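A short worksheet on the structure shown next.
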Amino acid sequence: MKMLDKVEENQKEIVKDYVNRLLVSVERRNPNEWEFQQAVKEVLDSLVPVLVKNPKYMKLAVLERLIEPDRLFTFRVPWVDDQGNVKVNRGFRVQFNNAIGPYKGGLRFHPSVNASIIKFLGFEQIFKNSLTGQPIGGGKGGSDFDPKGKSDFEIMRFCQSFMSELSKHIGPDVDVPAGDIGVGAREIGYMFGQYKKLKGAYEAGVLTGKGPGFGGSLGRKEATGYGTVYFVEEMLKSTGLSFNGSTVVVSGSGNVSIYAMEKAMQFGAKVVACSDSNGYVYDPNGINLDTVKRLKEVENKRIFEYVSEHPQATYHEGCAGIWSIPCDIALPCATQNELSKEAAEILVSNGVKAVGEGANMPSTQEAVDTFMENQVLFGPAKAANAGGVAVSALEMAQNSARVAWTFEEVDLKLQTIMKDIYQKSMEASVEYDAPGNLVVGANIAGYVKVAEAMVAQGVI
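When we follow the working numbering, the leftmost residue of the sequence shown carries the number 20, and every step to the right adds one.
Structure representation (structure tokens):
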């Protein structure tokens, strides 16, 4: 046994050296792309035990192929504002990996969008999509266009120009974009209309997140937020806990946040805080979701307006302070790297029991380490927020079959998918000697399925 242990230890050192060399290569070939480097490191560090057990993945350079996207498009997006001024933005689409299905991933319209953001999101999407059990590969896209403060006509003209170029690279069996930050049903509708006009055909499955009246799926709007809560509830149940009776803090007040709050409340939780990019509101009586929905989904107002209708609530400038509010469950649902090590330490000191990532990579690596070291239940984004893309895949299935499922049918399928993701992640964590570590489990479960498909399809 001692000899076997020594052989395995030597193999582990060989794998660690291999992973470190890969990370150096990623940093060298993708300089200043910090988000992409962070996402790759987090995954590669988790895969050491898989590579020890399956050295064929190293021999066939699966990781070398996986960390290099199939292709990355950047393109000019000219459009005209309401004053007749010509504006120019930059568009992106990364098609990362299609080993298990067509490229699939959202479009983000936000001033922060650049190649690093798009590549980190596309890389994460590979594993997230794999975990859903649906036949979809990884992709992502977007633009540095900011829809805030723009008129409907300005947004329509931008979306039409954006789609005029993007349409050359997508299709129901090639690449299927969806929404993300800054891209909702309105933007998807404008882009779908332009695609239909350019193609001269009604290819309903080319975009997901459409309105239910023209091929969209009921339950898609709610899916990411609901899915996050379904996943976290499974995680809580494993230790005898529940949302019922718990105090919850949710960052953000967009689509994911609103429906995470809604489902948490349906499960009996008291949600006491939410935020936007300017600051956060704390309501000790519990957030009034009807007010938040009206302010954000109907009136497009800032979250500070909440306190004028609910005098017991307080508004605080800046977003980071939301994590100083004592809570049992924290759901970061706003944006990447919003939850720092310092914020994690405050949450831990205030007795947080569970954290579920509703946004993409909202916790820094140091924050994740802090939660893990203090035995806080932690649901990583690629598992916890996979509900949105899962229902997007269900939308694709409905489009292909030319059928429409009820909200209840879709929601039941979503619950089953999220429970399955939790189970697969937990089983992988146990198999690879990290029991209960869902970061490791989700990375491994997502990776192995894709890696096996890549091996079966040859070196391409």
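All C-beta atoms, glycine included, are put in the ideal place defined by N, C-alpha and C.
These figures come from a predicted structure and were not determined experimentally.
Whole-number beta carbon distance between residue j and residue i, since they are thought to touch under 8 Å
i, j, result
"K123", "N104", "In fact, because the Cβ distance is near 35 Å, the residues do not count as touching under 8 Å."
"L150", "G477", "L150 to G477, Cβ: 24 Å. No contact."
"P121", "V193", "6 Å"
"L350", "V410", "Between V410 and L350 the Cβ distance is about 18 Å, and since that is not below 8 Å, they are no contact."
"L42", "L63", "6 Å"
"V408", "I155", "7 Å"
"E253", "Y441", "4 Å"
"C338", "S270", "7 Å"
"Y299", "A332", "Not confirmed; about 10 Å, so no contact."
"D199", "L126", "6 Å"
"V251", "T227", "Between T227 and V251 the Cβ distance is about 24 Å, and since that is not below 8 Å, they are no contact."
Residue i - partner residues in DSSP beta bridges
i, result
"A349", "V268 and V374"
"C293", "V300"
"W98", "K106"
"Q114", "R90 and G158"
"F390", "The partner list for F390 (beta bridge, DSSP) is empty, contrary to what the question assumes."
"Y245", "Paired residue(s): none; Y245 is not in a bridge."
"L358", "S382"
For residue j and residue i, the rounded distance between their alpha carbons
i, j, result
"N274", "R239", "10 Å"
"V459", "S444", "8 Å"
"T247", "A279", "7 Å"
"N29", "G259", "40 Å"
"N462", "F146", "7 Å"
"F164", "F128", "5 Å"
"F115", "F142", "7 Å"
"F211", "K187", "13 Å"
"I86", "D309", "43 Å"
"A292", "M77", "46 Å"
"A288", "K256", "14 Å"
"M20", "N73", "Caution applies to M20, whose pLDDT of 47 falls short of 50 and renders its modelled position unreliable; the value that the coordinates give is listed next. C-alpha separation (whole angstroms): 20 Å."
"S236", "E414", "5 Å"
"T435", "V467", "21 Å"
"V202", "P330", "32 Å"
"S359", "S131", "19 Å"
"G110", "G244", "27 Å"
"G232", "K215", "15 Å"
"V38", "K138", "19 Å"
The ligand GDP heavy atom lying under 6 Å from the CB of residue i
i, result
"S257", "You won't find the ligand GDP in this model; it holds no ligand whatsoever."
Boundaries (first-last residue) of the beta strand (DSSP E) holding residue i
i, result
"T333", "T333 to E336"
"V67", "That residue, V67, is in no beta strand (DSSP E); its alpha helix (DSSP H) goes V67 to K72."
"A197", "D194 to G198"
"Y451", "Element bounds for Y451: n/a, residue is neither H nor E."
"L79", "Careful: L79 lies outside any beta strand (DSSP E) and carries neither H nor E."
"F397", "L396 to G398"
Helix, strand or coil at residue i [DSSP, three-state]
i, result
"R313", "helix"
"V326", "helix"
"F250", "helix"
"M20", "With a pLDDT of 47 at M20, under the threshold of 50, the modelled position of that residue is not reliable, and the figure given next carries that caveat. Three-state DSSP puts M20 in coil, outside helix and strand."
"V43", "helix"
"L226", "coil"
"K60", "helix"
"R48", "helix"
"R176", "helix"
"L260", "coil"
"F164", "coil"
"S170", "coil"
"G234", "coil"
"I463", "helix"
"G190", "strand"
"F286", "coil"
"I479", "coil"
"N29", "helix"
"G152", "coil"
"V469", "helix"
"N274", "helix"
"W480", "There is no way to answer for residue 480, as the model of the chain reaches only from 20 to 479."
"G141", "helix"
"V132", "coil"
"I365", "helix"
"I119", "coil"
"I306", "coil"
"D439", "helix"
For residue i, the first and last residue of its enclosing alpha helix (DSSP H)
i, result
"S411", "G406 to A420"
"G218", "For the sequence presented, residue 218 should be read as Lys rather than Gly. Note, K218: alpha helix (DSSP H), A204 to K218."
"G124", "Element bounds for G124: not the alpha helix (DSSP H) but the beta strand (DSSP E), Y122 to F128."
"A339", "Unbroken run through A339: none, as it is neither H nor E."
"Y221", "Where Y221 is concerned, there is no enclosing alpha helix (DSSP H), given that its DSSP letter is neither H nor E."
"E318", "Neither: E318 is in no alpha helix (DSSP H) and is coded neither H nor E."
Contact with chain C by residue i, beta-carbon distance below 7 Å
i, result
"E184", "The question asks about chain C, but that chain is absent: this structure has only one protein chain."
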